[in-house]
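Per full-length UniProt numbering, the very first residue in the sequence shown carries number 1; after that it's consecutive. Cβ coordinates follow ideal geometry from the N, Cα and C atoms, glycine included.
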Amino acid sequence: MSVPESVTGPATDDPAPTADGQLTSLSTHAARQLTTTTKSEPQMQAISSRWLLKMLPWVDVKGGTYRVNRRLQLRVGRGRVQFEQNGADDIKVIPQTLTELPVLRGYSDLDVLKEVATRFRVRDVRAGQVLVQAGQPVTEAYLVVHGRFTRFTEGKYGEEEIVGVVTGGDQIGDEAIGQPDPLWLNSVRAETAGVVMVLPWSVVAEFTDRVPSLAAHLAAYGERQNLPMNRKGEADVPVQAGHVGEPTINGGYVDYELAPREYELSLTQTVLRVHTRVADLFNDPMNQTEQQLRLTIEEIRERQEWELVNNREFGLLHNVDYGQRVPTFTGPPTPDDMDELLSMRRKTKLFIAHPKAIAAFFRQCNRRGLVPGTANVDGHEIPAWRGVPIFPCNKIPISPQHTSSIIALRTGEGDQGAIGLYQTGIPEEYQPGLNVRFMGIDANSIIRYLVTAYYSMAILVPDAVGILENAQVGRTAE
1 MSVPESVTGP ATDDPAPTAD GQLTSLSTHA ARQLTTTTKS EPQMQAISSR WLLKMLPWVD
61 VKGGTYRVNR RLQLRVGRGR VQFEQNGADD IKVIPQTLTE LPVLRGYSDL DVLKEVATRF
121 RVRDVRAGQV LVQAGQPVTE AYLVVHGRFT RFTEGKYGEE EIVGVVTGGD QIGDEAIGQP
181 DPLWLNSVRA ETAGVVMVLP WSVVAEFTDR VPSLAAHLAA YGERQNLPMN RKGEADVPVQ
241 AGHVGEPTIN GGYVDYELAP REYELSLTQT VLRVHTRVAD LFNDPMNQTE QQLRLTIEEI
301 RERQEWELVN NREFGLLHNV DYGQRVPTFT GPPTPDDMDE LLSMRRKTKL FIAHPKAIAA
361 FFRQCNRRGL VPGTANVDGH EIPAWRGVPI FPCNKIPISP QHTSSIIALR TGEGDQGAIG
421 LYQTGIPEEY QPGLNVRFMG IDANSIIRYL VTAYYSMAIL VPDAVGILEN AQVGRTAE
């Protein structure tokens, strides 16, 4: 039911016209022609908190390249094999990715890799099926196409003890290479229905007998694994402790990697264009060029943080060691998963996660009646787990399957952690590591400025960064 205008008043604040349609006083629309408005600066919705940029210690790289020298590593890290799938049963191993297996790391004969890839066979696995049994001889090697598998063993008191989770791209059984009579050390059970690629152990022996280059590569791999090394797989230094008397003390030295990784500074650039008429005439009360530059730099900094997370050359998601990647045990990120991630490194300084992943973790805490703590960071109260702050970062992607990742970092050169790289003192520097260079005025009276940010990121040792992968962020039914 409509309300009479006499009750609600006119739709505007302008005076009501008389019967002949004439106003009796000046309207607000006309009055505004003689006034000035109070203006805000140009706003930008895409600006985020950018906590990763704020919390990383930044190292000044004067030469434009940062070299990470490390102790010689004897134990080769593992990667993930990739697959080409054209249907439910047409699944093939991409041969080049077989070098992600520790035993084939550095092997360069592509023809042999292609032949090995063709010998894998597809096998469907049902949920609950035990793939291998601890103590049994190793007769097959497996590559997981998709699915979730649990490694378990019998505990000291007869209970089942979970020792790990295996997911897509991982391998099972290659650790038996070089063993005369290999046995499974743990049992493996499928927690979900999945697909694996199977290579009979007899095929491995056949290739070893037939291909001298492969046999030599596997033999060299076995020899490296038998060299003295510490618990992190680095070349050992002989030390002696607890002795009495005057025994001969063994000597040695610390060997270094001969081909250390180097990080060259990356960049984000754009050309800012401003018409001379705008720059000359429309600068009151705000300088147009300064406002254009301010919002341009905000966009560059947003992209800079995206690159630190997603860039394939140096971004966190693609450069964390696969030994530091933990799949969630049940799907959503639980306190147990976060504890597992914390346990893999010393002095974890921070977590970063997509806001939806943080909300998913809080839901799991609520279900258990737990209340996460907080940490005071530069005057901000940040949610924390075990005293480690959890910072939101919307640059971490959410997959089409509604899963995301949570990243844990130790930071700083002094702690052998993750560091940001930039160079200060560059020509026409506007902010540290960012410069604005005048490019001239073209024939159309357009002033051009080249805006550039130089940056990169380095992980000094593998355990400085870890990732909780495939964490479900969707809300589940109670």
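Contact between the region 250-265 and the region 62-81 is defined here as three or more beta-carbon pairs at a separation below 8 Å; is this criterion met? yes
(request) Could you check the C-alpha separation between Q416 and N186 for me, to the nearest Å? (result) 33 Å
Considering only their Cβ atoms, is the gap separating A127 from W201 smaller than 8 Å? no
Assuming P102 and P137 form a contact by the criterion Cβ under 8 Å, report the distance between their Cβ atoms to the nearest whole angstrom. 21 Å between Cβ atoms; not a contact.
Where does the unbroken alpha helix (DSSP H) through R224 begin, and where does it stop?
212-226
Q | Cβ neighbours of R301 in the same chain (closer than 8 Å, five flanking residues each side left out) | A | R50, L53, A453
**Prompt:** Does DSSP put E340 in a helix, a strand or coil?
**Reply:** helix
Cβ separation of L418 and V465, assumed to be a contact under 8 Å, to the nearest whole Å: One detail in the question is off: residue 418 reads as Ala in this sequence, not Leu. At roughly 5 Å, the Cβ-Cβ gap stays under 8 Å, so A418 and V465 are in contact.
**Asked** So is N376 buried or exposed if we call it buried at 16+ other beta carbons inside 10 Å?
**Response** exposed
Is it the case that the Cβ atoms of R119 and L199 are separated by a distance below 8 Å? yes
If we ignore side chains and look at the alpha-carbon of each, how far apart do V188 and S399 end up? 27 Å
Under a Cβ-count criterion, where at least 16 other Cβ atoms within 10 Å of its own Cβ denotes burial, should S456 be classed as buried or exposed? buried
Per DSSP, what kind of secondary structure is G440 in: helix, strand or coil? strand
Where E469 sits in the DSSP three-state scheme: strand
- What is the DSSP secondary structure of D124, counted as helix, strand or coil? strand
Can at least three beta-carbon pairs, one atom from the region 469-476 and one from the region 351-362, be found at a separation below 8 Å? yes
Worksheet entry | Whole-number beta carbon distance between T289 and P57, since they are thought to touch under 8 Å | Not really, about 33 Å apart at Cβ, beyond 8 Å.
Alpha carbon to alpha carbon, how far is V76 from Q364? Give it in angstroms, no decimals. 36 Å
Does Q22 come out as helix, strand or coil in the three-state DSSP assignment? coil
Discussion item. So, for Q304: in the same chain, excluding its five sequence neighbours on each side, which residues have a beta-carbon less than 6 Å away from its beta-carbon?
Written reply: T268, A453, Y455
Quiz item: Apart from the five residues just before and just after R437, which ones in its own chain have a Cβ nearer than 6 Å to its Cβ?
Solution: E428, L450
Which word fits M197, buried or exposed, when buried means at least 16 other C-beta atoms lie within 10 angstroms of its C-beta?
buried
Quick check: F83 and V145, are their CB atoms within less than 8 Å of each other?
yes
### Message
So, for D124: in the same chain, excluding its five sequence neighbours on each side, which residues have a beta-carbon less than 7 Å away from its beta-carbon?
### Response
V195
Quiz item: What do you get for L468, buried or exposed, if any count of 16 or more other CB atoms within 10 angstroms of its CB means buried?
Solution: buried
Got a sec, what are the start and stop residues for the alpha helix (DSSP H) M197 sits in? Segment 194-200 is the beta strand (DSSP E) holding M197; no alpha helix (DSSP H) there.
| request: Might you give, ordered along the chain, the residues of its own chain that have their beta carbon closer than 7 Å to the beta carbon of N435, omitting 5 neighbours on each side? | output: I426, P427, E428, E429, T452
Looking at the secondary structure, which residues open and close the beta strand (DSSP E) in which K92 lies? 91-93
Check: Apart from the five residues just before and just after N394, which ones in its own chain have a Cβ nearer than 8 Å to its Cβ?
Finding: S48, H354, P355
Might you give, ordered along the chain, the residues of its own chain that have their beta carbon closer than 8 Å to the beta carbon of L370, omitting 5 neighbours on each side? P335
| request: Return the Cβ separation of R252 and P238 in integer angstroms, given the expectation that the two are a contact with Cβ distance under 8 Å. | output: For clarity, residue 252 is Gly in the given sequence; the question names Arg instead. About 5 Å separates the two Cβ atoms, so the contact holds.
Limits of the alpha helix (DSSP H) - the one that M229 falls within | Element bounds for M229: n/a, residue is neither H nor E.
Query - DSSP three-state assignment for N73, whether helix, strand or coil - result: As written in the sequence, residue 73 is Gln, which differs from the Asn given in the question. Strand.
Open item on the list: Distance check for I390 and I382, CA to CA, integer angstroms please.
Closed with: 7 Å
Between the C-alpha atoms of G164 and T150, what's the straight-line distance to the nearest angstrom?
6 Å
Buried or exposed for V244, going by 16 or more other Cβ atoms inside 10 Å? exposed
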